[in-house]
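**Student:** Input: one structure, supplied below.
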């Protein structure tokens, strides 16, 4: 019998659970987008706490529901949405480095706030890389398949240094955040771009890693503008399709798009977007 | 040429035509400072999106965008300037379901459509619809046809289509609204190849009829 892989045996999965890392950079010309962790700061924090290399792969867990069993000694850490965390039924804090002995089970419940938690292991997850990244791009269908019960995720060797910090405070998320936005290159394709910052928006239920669909009083397209030739897109870009309901692009956005971009969320604020749940409200202000 | 800010980490360069897009995208990629300043260059139909690396400002990006002289859109040689050495020949069986429609729309016979499609080199302008899909420009202007009114829910991999000024080959099965004139067996997207995309930015493409 072969030696079992040191890693995580997935016992149960709740919401979408994806392998993510820092993304695939520089492949737009062949139609491949960046993808990568939706909340980059929480992702990077988990790797830093574990002494991992920048860019090591982690699990992006949506609304908890994940249960994994260590198949060797595994050092782990959860950041992002503060999901109730248990190891063999005993509560543990998020933001803390945990040692999982073989057979120990780590379980993530439903976070009270936020949407995405990041479960990292020391050494990173060792799934096959594609174009320099292990990220699952949900729109293009590239990278590791979504994680399912029964999967075994091996631990890699992406270690950069020692574990220096035991724990950081869990993340907290404010109600109705105000995100900074820069006027977009096609702001003049709607008659009322300022409505973006004047109204309260609600996150629609069809939102995902491709985009956050915002519900509220729609913007009004300038009728004489016609059709925009496809142009490059970026995470945080706010596109307005003909119906007037804005879509804020997430990490798996199409590489090029044909609807006018009326605003672009400031890069640093796009991590907060990634923690907004369907039904939550948000506002924008011009940067 | 216009430079439009695109948030706090990208710049959208607006140009007159797709030929200028190909040129400017090449020039930005080749700039000596590109490796340190630029995370990605995203060509579009009339624009080039230049994305900054973390910590690089939009003003720093402005400095490396080349001044591009206006070129007459009707200039037939525009696309042939700077033709790269990379030339890909794509063998096509011209039996697409929309070949007759394209003939009717263009006023050409089906044989003339095939002759026009194979008669002029095309060039990869930009991507974005799916991994490995390349929008090809610079072909015979008589082949400009609108998209189908009703997009197909399933277009097979290898289908060769036309839409507007573009031609393209579907890298994998997907929905699609282009007019399909033929098919190729050549894999456009192969994960065991490096790069997986057959057609990369700036490459020249020649279609060749096979029966």
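Protein chains in written order, with this note's numbering: chain A, 113 to 399; chain B, 1332 to 1542. Note that CB positions come from ideal geometry on N, CA and C, so glycine has one too.
Please list the partners that residue 1462 (chain B) has in chain A, where partner means a Cβ-to-Cβ separation under 7 Å.
**Tutor:** Correct list: 142, 143, 144, 252 and 254.
**Student:** Please confirm whether residue 1501 (chain B) has its beta-carbon closer than 7 Å to some beta-carbon of chain A.
**Tutor:** Answer no: the Cβ-Cβ gap between residue 1501 (chain B) and chain A never drops below 7 Å.
**Student:** Cutting at 8 Å between CB atoms, please list the residues of its own chain near residue 1417 (chain B), excluding the five before and the five after it.
**Tutor:** For residue 1417 (chain B), where only same-chain residues beyond five positions count, the Cβ hits under 8 Å are 1531, 1533, 1534 and 1535.
**Student:** Taking CB distances under 7 Å as the criterion, tell me whether residue 1371 (chain B) reaches chain A.
**Tutor:** Yes, because at least one Cβ of chain A sits closer than 7 Å to the Cβ of residue 1371 (chain B).
**Student:** Output the distance between the C-alpha atoms of residue 1488 (chain B) and residue 1507 (chain B), rounded to the nearest integer angstrom.
**Tutor:** Those two C-alpha atoms are separated by around 11 Å.
**Student:** Please list the partners that residue 341 (chain A) has in chain B, where partner means a Cβ-to-Cβ separation under 7 Å.
**Tutor:** Residues of chain B passing the Cβ test: 1375, 1376 and 1377.
**Student:** What is the DSSP secondary structure of residue 1411 (chain B), reduced to helix, strand or coil?
**Tutor:** Unreliable positioning characterises residue 1411 (chain B) in this predicted model, as indicated by a pLDDT of 45, which lies under 50. The coordinate reading is nonetheless provided below. Helix.
**Student:** In this structure, how does DSSP classify residue 350 (chain A) when only helix, strand and coil are distinguished?
**Tutor:** DSSP places residue 350 (chain A) in strand when its eight states are reduced to three.
**Student:** Does the CB of residue 206 (chain A) have a neighbour CB from chain B at under 7 Å?
**Tutor:** It does not: the Cβ of residue 206 (chain A) has no partner Cβ on chain B nearer than 7 Å.
**Student:** If you reduce the DSSP assignment to three classes, tell me which class residue 332 (chain A) lands in.
**Tutor:** It is coil, neither helix nor strand.
**Student:** Which same chain residues end up closer than 6 Å to residue 353 (chain A) when comparing Cβ atoms and leaving out the 5 residues on each side of it in sequence?
**Tutor:** Cβ within range, chain order: 371.
**Student:** Closer than 8 Å, Cβ to Cβ, to anything on chain B: give me those residues from the region 156-188 of chain A, in chain order.
**Tutor:** Cβ contacts with chain B come from no residue of the region 156-188 of chain A.
**Student:** For the candidate residues B:1419, B:1372 and B:1434, whose alpha-carbon lies nearest to that of residue 1510 (chain B)?
**Tutor:** Closest option to residue 1510 (chain B), Cα to Cα, is B:1434.
**Student:** Quick one: which chain A residues come within Cβ less than 7 Å of residue 1526 (chain B)?
**Tutor:** Residues of chain A passing the Cβ test: 142.
**Student:** Should residue 345 (chain A) go down as buried or exposed, given a rule of 16 or more other Cβ atoms within 10 Å for buried?
**Tutor:** By the neighbour-count rule (16 or more Cβ atoms within 10 Å), residue 345 (chain A) is buried.
**Student:** On the three-state DSSP scale, how would you describe residue 1375 (chain B)?
**Tutor:** In this structure, residue 1375 (chain B) counts as coil in the three-state DSSP scheme.
**Student:** Could you tell me whether any non-hydrogen atom of the ligand ATP is closer than 6 Å to the CB of residue 197 (chain A)?
**Tutor:** The model on display carries no ligand, and the ligand ATP is accordingly not part of it.
**Student:** Check whether the Cβ atoms of residue 265 (chain A) and residue 157 (chain A) sit closer than 7 Å, and answer yes or no.
**Tutor:** Their beta carbons are not under 7 Å apart, which means residue 265 (chain A) does not touch residue 157 (chain A) by this criterion.
**Student:** Residues in the same chain with beta-carbon distance under 6 Å from residue 279 (chain A), minus the five sequence neighbours each way, listed in chain order, please.
**Tutor:** Once the five neighbours on either side are set aside, the close Cβ partners of residue 279 (chain A) are 207 and 208.
**Student:** With DSSP as the reference, please indicate the residues paired to residue 171 (chain A) in a beta bridge.
**Tutor:** DSSP, once it has assigned bridges, lists A:131 and A:231 as partnering residue 171 (chain A).
**Student:** Does any residue of chain B have a CB that is nearer than 7 Å to the CB of residue 379 (chain A)?
**Tutor:** So yes, residue 379 (chain A) belongs to the interface.
**Student:** With 9 Å as the C-beta to C-beta threshold (strictly closer), list the residues of the region 1477-1508 of chain B near chain A in chain order.
**Tutor:** So the close ones are 1495, 1502 and 1503.
**Student:** Please list, in chain order, all residues of the same chain as residue 364 (chain A) whose beta carbon is under 7 Å from its beta carbon, the five residues on each side excluded.
**Tutor:** So the list reads 145, 147, 249, 250, 251, 321 and 322, once near-sequence residues are dropped.
**Student:** With a CB to CB cut of under 6 Å and the five nearest residues on each side skipped, what residues in its chain are close to residue 358 (chain A)?
**Tutor:** Cβ neighbours of residue 358 (chain A) beyond the five flanking positions: 326, 350 and 352.
**Student:** Which runs of the beta strand (DSSP E) spanning at least 3 residues fall entirely within the region 131-219 of chain A, listed in chain order?
**Tutor:** 170-174, 179-182, 186-192, 197-199, 202-204 and 210-212, all fully within the region 131-219 of chain A.
**Student:** Among A:289, A:288, A:340 and A:253, which residue has its Cα nearest to the Cα of residue 299 (chain A)?
**Tutor:** Cα-wise, what sits closest to residue 299 (chain A) is A:340.
**Student:** Measure how close the beta-carbons of residue 1284 (chain B) and residue 373 (chain A) come, nearest whole angstrom, since I'm counting them as under 8 Å.
**Tutor:** In the structure as shown, chain B starts at 1332 and stops at 1542, and residue 1284 (chain B) therefore has no counterpart that could be examined.
**Student:** Here's a check: name, in chain order, each residue in its chain whose Cβ is nearer than 7 Å to the Cβ of residue 1524 (chain B), leaving out the five neighbours to either side.
**Tutor:** Result list for residue 1524 (chain B): empty, nothing under 7 Å.
**Student:** Give a yes or no on contact between the region 180-192 of chain A and the region 1353-1366 of chain B, applying the rule of three or more CB pairs nearer than 8 Å.
**Tutor:** Touching, no, given that fewer than three Cβ pairs across the two stretches are closer than 8 Å.
**Student:** Show which residues of chain A have a CB atom less than 7 Å away from the CB atom of residue 1382 (chain B).
**Tutor:** Neighbours of residue 1382 (chain B) on chain A, chain order: 346.
**Student:** CA-CA distance, residue 1340 (chain B) and residue 171 (chain A)?
**Tutor:** Using only the alpha carbons, I get a separation of about 27 Å.
**Student:** Does the separation of the CB atoms of residue 154 (chain A) and residue 230 (chain A) fall below 7 Å?
**Tutor:** Cβ atoms of residue 154 (chain A) and residue 230 (chain A): closer than 7 Å.
**Student:** Jot down the residue ranges of each uninterrupted alpha helix (DSSP H) in the region 1419-1462 of chain B, minimum 4 residues, whole runs only, in chain order.
**Tutor:** 1430-1437 and 1441-1450, all fully within the region 1419-1462 of chain B.
**Student:** Do the region 331-340 of chain A and the region 1332-1347 of chain B meet, that is, are 3 or more Cβ pairs less than 8 Å apart?
**Tutor:** The answer is no - the region 1332-1347 of chain B does not touch the region 331-340 of chain A, with fewer than three Cβ pairs under 8 Å.
**Student:** Out of A:160, A:387 and A:398, which one is the CA nearest neighbour of residue 175 (chain A)?
**Tutor:** Nearest C-alpha to residue 175 (chain A): A:387.
**Student:** Taking the Cβ atom as the reference point for each residue, do residue 260 (chain A) and residue 399 (chain A) lie within a distance shorter than 7 Å?
**Tutor:** The answer is no: Cβ separation not under 7 Å.
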